[in-house]
Amino acid sequence: MKISDGMLQKLGKIEARYEEVGNLLSLPQNISDQEKFKSLSKEHSDLAPICEIYGVYKKHKQDFEDCESMAAAETDPDMKALLKQELDDLREALDKDANDLKISLLPKDPDEDNNVIMEIRAGAGGDEAALFGTELMKMYRHYAENNRWKVEEVNMNYTELGGAKELVFMITGKGVYGKLKFESGVH
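Numbering (the working numbering), first residue to last: 156 to 342.
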């Protein structure tokens, strides 16, 4: 997958802005102005993943070009075969990097960083449904911990067997809504 010249220009501008914001964050006048510092920090953290992927893409592209020139100059058939395999692997990595870059440049959902209040209620199914609700809560809690999110219990109503009739909890952290916005359904 090839990246267009326009996209490369945009990535170059993003990378330059990322470096500029990094330098601005270290200036004393910006450190003392909390609002500006907060705004710059958010911009810096928003640009960081794009620049990280772009850095990997540039390294893979350079490795590909180096490997290509070595393959053109190589006369040993075994070495040529190794270089061909390396070129195939790098081509695959470049395709993945290009796709990741395209996805990273898509506009973000403005609600992506909002927090989430989740409700789990046991429906028809009695104790089995209540036990399943408890398992769901454990699953979401574990997922939240893996993403370094905070889970706060709002309302918990358990059965005598340890199942849950009703569980209401809030998950807070960066990107919570973006990852959980499609979580819904009945089981």
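Where is the CB? At the ideal position from N, CA and C, for every residue including glycine.
In chain order, 333 place their CB closer than 7 Å to the CB of residue 264, counting only its own chain and leaving out the 5 sequence neighbours on each side.
DSSP lists 326 as the bridge partner or partners of residue 271. In the DSSP assignment, residue 310 forms a beta bridge with 323. Taken through DSSP and simplified to helix, strand or coil, residue 305 comes out as strand. Taking C-alpha positions only, residue 331 is separated from residue 304 by approximately 8 Å. Nearest Cα to residue 205 within the set 241, 319, 261 and 338: 261.
Closest in C-alpha terms to residue 251, from the list 169, 215 and 315, comes 215. The C-alpha of residue 222 lies about 20 Å from the C-alpha of residue 158. From the listed residues 257, 301, 341 and 235, the smallest Cα separation to residue 287 is found for 341.
Take the alpha-carbon of residue 196 and the one of residue 290: they are about 37 Å apart. Here residue 253 is buried: its Cβ has 16 or more other Cβ atoms, across all protein chains shown, within 10 Å. Spanning the alpha carbons of residue 317 and residue 188 requires a straight line of approximately 51 Å. Around residue 217, the same chain offers no residue with a beta carbon nearer than 7 Å, after the five sequence neighbours per side are excluded. Residue 292 sits close to residue 275, with the two beta carbons spaced by under 7 Å. Excluding sequence positions up to five before and after residue 296, its CB lies within less than 7 Å of the CB of 306, all in the same chain and listed in chain order. If you check the CB distance, residue 326 and residue 299 come in under 7 Å.
Runs of beta strand (DSSP E) with 3 or more residues, each lying fully within the region 174 to 242, are absent.
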